[in-house]
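Just below is one structure, and these are the notes that go with it.
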Amino acid sequence: MSETADIGSFLHAGTLYTAMNADEAVSDETSEHTLDLEFSMHPTTNQSFENALAAARAGDRLSVADGIELITTGTNSPGIDTARKEKVLEIADRRRAERVGDAVTFVANLNNNVTTACNTGCLFCNFKDSAHQFESNADGDRDHGGFTKTPGISQATVAAAVDRGISEVTSVSGLHPAFALNAEHREILAEYDNPTQEVNYKSPGQYTTDPGTYVEQLRAMSVGNVHLHSITPEEAHHARRGTDWSYEQIYTELRKAGLDSAPGTAAEILVDEVREVICPGKMSSTEWEAAIEGAVNAGLDVTATIMYGHVENAAHRITHLKRVRDLQDRTGGITEFVPLSFVHQNTPLYKRGVVSGGASDAEDELMIAVSRLFLDNIDNIQSSWVKFGDEKALKLLNCGANDFMGTILSEEITTRAGGTHGEFRSVADYVELISAIGRTPVERSTDYTRRHELSLDAEVHGPILGPQADGTPLLGADDNGLTTPNIVADD
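Structure (structure tokens):
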């Protein structure tokens with residue numbers, strides 16, 4: 001790989017990729033195809049590390065060049081300099097304390113993913129299954145391990161978790177061809193001459209399970225006072241395909257159905273030349289931003305993410321942070337930023353030899369730290385135990401992060417990609433882990449406005465979200481692989 005690029009050209013260094021379509025992206029038969037990547041891993045800038053560090057220490061708004069110098073610990077030498085890294089981490093942790101104090105927050109939540117059926121063909125993902133496998137007349141083995149939940153199953157799953165005390169449901173799903181915003185949208189899509197080719201739509205009758213519409217799923221999951229965090233920009237894009245509806249209109253309709261906030265996933269890296277490699281079938285960076293703005297204009301809080309550690313370089317990461325910061329300047333609606341380290345083991349990128357692994361520990365630490373320093377208009381930076389594991393995620397709480405994710409109850413996306421850090425943490429687990437690093441555990445609401453400080457000495461820490469009285473897990477898989485509630489009477 002090339003080792004040089006100046007600040008004006010770091011976004012395109014050499015041949016970026018060879019052509020690959022979405023069908024190839026999801027087929028094991030094309031494993032011999034690889035991408036010709038020549039990203040510069042250490043682009044040069046007209047800034048120095050020392051000046052960038054001084055700007056960070058002073059609390060100045062950082063430039064892209066500043067960010068590149070900090071996240072690489074200086075572009076004047078290859079590799080990460082440990083002594084320089086520690087200086088960046090120290091400043092970031094101090095900024096965290098100044099900005100949000102010593103509390104470590106988390107949310108009592110459930111992940112309820114509706115379907116793995118998806119034809120997008122992202123090379124970094126192993127969550128999806130080819131939607132054709134779910135059709136009633138599909139050839140071959142139906143035991144593909146995927147699932148589609150009806151609104152009724154979603155409702156039962158959420159209701160069981162609400163009874164246990166969760167305050168949030170997060171729902172992110174594959175782009176099922178039968179999914180539509182509502183009944184009107186289904187009628188519009190069905191009127192196309194060739195809806196499959198023109199708008200990626202097939203009627204629900206062609207599938208073994210009807211996922212319902214987005215509106216029907218949201219209404220089903222709106223149980224009690226639970227906060228519904230769902231519909232990513234990519235899902236909103238799917239919910240408006242074949243129409244001239246704006247993102248604000250889409251999110252307004254979804255809000256009426258019970259949506260409370262929208263996750264800013266599907267961002268990956270907000271640089272289109274990177275997106276063309278890792279997710280060629282997805283929306284553009286500009287389209288992602290438009291969706292987020294539409295959600296905020298509809299009255300919803302949103303989050304933002306970065307998925308890093310694959311084919312991108314350090315300059316791409318900082319360019320992504322700059323776009324998120326600019327977006328927050330315009331909207332003010334982003335409640336948290338979530339760095340997601342690429343989990344590679346089961347993904348097409350890894351299986352094809354395009355990547356040999358994910359980010360290093362040092363890169364993860366610097367990603368958290370520079371996110372804290374660069375995003376001066378976003379209070380909350382999250383450390384994900386699902387991505388990092390407990391030990392490393394706790395360390396990242398001393399690198400600038402202040403939020404420790406959620407209880408989850410059922411995690412499927414990272415696990416299917418090869419993650420090995422489990423699918424659940426209890427409130428008691430959180431209290432013990434956070435207290436062990438000398439910080440204060442605080443259960444929060446999704447929007448961070450409601451907070452409940454917890455004590456290690458308390459007999460009861462919060463909702464009982466673990467196994468039921470007889471040891472049966474709260475959520476289990478049925479014969480079709482669906483995550484559903486195990487209803488057993490408590491003692």
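Be aware that the sequence shown starts at 1, since it is given in UniProt numbering, and climbs by one per residue.
Where a beta carbon is used, it is the ideal one built from N, C-alpha and C, also for glycine.
If only complete runs of 3 or more residues are kept, the region 165-240 shows the beta strand (DSSP E) at 168-171 and 227-230, in order along the chain. Shown here for residue 369: same chain residues with a beta carbon closer than 7 Å to its own, the five before and five after excluded, namely 88, 89, 92, 399 and 400 in chain order. For the pair of segments examined, the region 249-264 was found to touch the region 289-305: the number of CB pairs separated by less than 8 Å reaches three. Its Cα nearest to that of residue 389, the residue 341 stands out among 366, 363, 341 and 380. Counted as a single uninterrupted DSSP element, the alpha helix (DSSP H) harbouring residue 320 occupies residues 314-331.
Of the candidates 102, 276 and 209, the residue whose Cα lies closest to the Cα of residue 137 is 209. Apart from sequence neighbours up to five positions away, the residues of its chain that approach residue 200 with a beta-carbon distance below 7 Å are 119, 177 and 241, ordered along the chain. Around the beta carbon of residue 256, fewer than 16 other beta carbons lie within 10 angstroms, which makes this residue exposed.
Your pair residue 112 and residue 171 checks out as a contact, with CB atoms roughly 5 Å apart and the cut at 8 Å. Residue 403 is classed as buried because its beta carbon has at least 16 other beta carbons within 10 Å across all chains shown. Looking at 432, 284 and 374, the one whose alpha-carbon comes closest to that of residue 62 is 374. No Cβ-Cβ contact shorter than 8 Å links residue 300 with residue 258. As far as DSSP is concerned, residue 360 takes part in no beta bridge.
Around the Cβ of residue 72, a 10 Å sphere holds 16 or more other Cβ atoms; the residue is buried.
When the beta-carbon positions are compared, residue 57 and residue 372 stay at least 8 Å from each other. In this structure the region 286-294 lies against the region 323-332, because at least three pairs of beta carbons, one per stretch, are closer than 8 Å. In the structure shown, residue 78 falls within a coil segment according to DSSP collapsed to helix, strand and coil. In its chain, beyond the 5 residues on either side, 433 and 437 have a beta carbon closer than 7 Å to the beta carbon of residue 394. When the alpha-carbon of residue 44 is set against those of 77, 382, 146 and 60, the nearest one is in 77. By the Cβ neighbour-count rule, residue 66 is buried, with 16 or more other Cβ atoms within 10 Å of its own.
If you draw a straight line from the Cα of residue 456 to the Cα of residue 364, it is about 29 Å long. Residue range 451-453 is occupied by the beta strand (DSSP E) that includes residue 453. Of the candidates 320, 298, 321 and 385, 385 places its Cα closest to the Cα of residue 343. Looking at 100, 206 and 408, the one whose alpha-carbon comes closest to that of residue 439 is 100.
Sixteen is the threshold: when 16 or more other Cβ atoms of the shown chains lie within 10 Å of the Cβ of residue 230, as they do, the residue is buried. Around the Cβ of residue 214, a 10 Å sphere holds 16 or more other Cβ atoms; the residue is buried. When the five nearest sequence neighbours on each side are left out, the beta carbons in the same chain lying within less than 8 Å of the beta carbon of residue 380 are those of 100, 105, 335, 336, 337, 402, 403 and 448, in order along the chain.
The alpha-carbon of residue 243 is positioned some 16 Å away from that of residue 252. Contact check for residue 149 and residue 114: beta-carbon distance about 5 Å, within the 8 Å limit, so the pair qualifies. Shown here, residue 283 sits in coil according to DSSP, grouped into three states, outside any helix or strand.
In the structure shown, residue 424 falls within a coil segment according to DSSP collapsed to helix, strand and coil. In the structure shown, residue 90 adopts helical secondary structure according to DSSP, grouped into three states. Around the beta carbon of residue 239, 16 or more other beta carbons lie within 10 angstroms, which makes this residue buried.
Residue 133 is positioned such that its CB atom lies closer than 8 Å to that of residue 146.
The beta carbons of residue 167 and residue 445 sit closer together than 8 Å.
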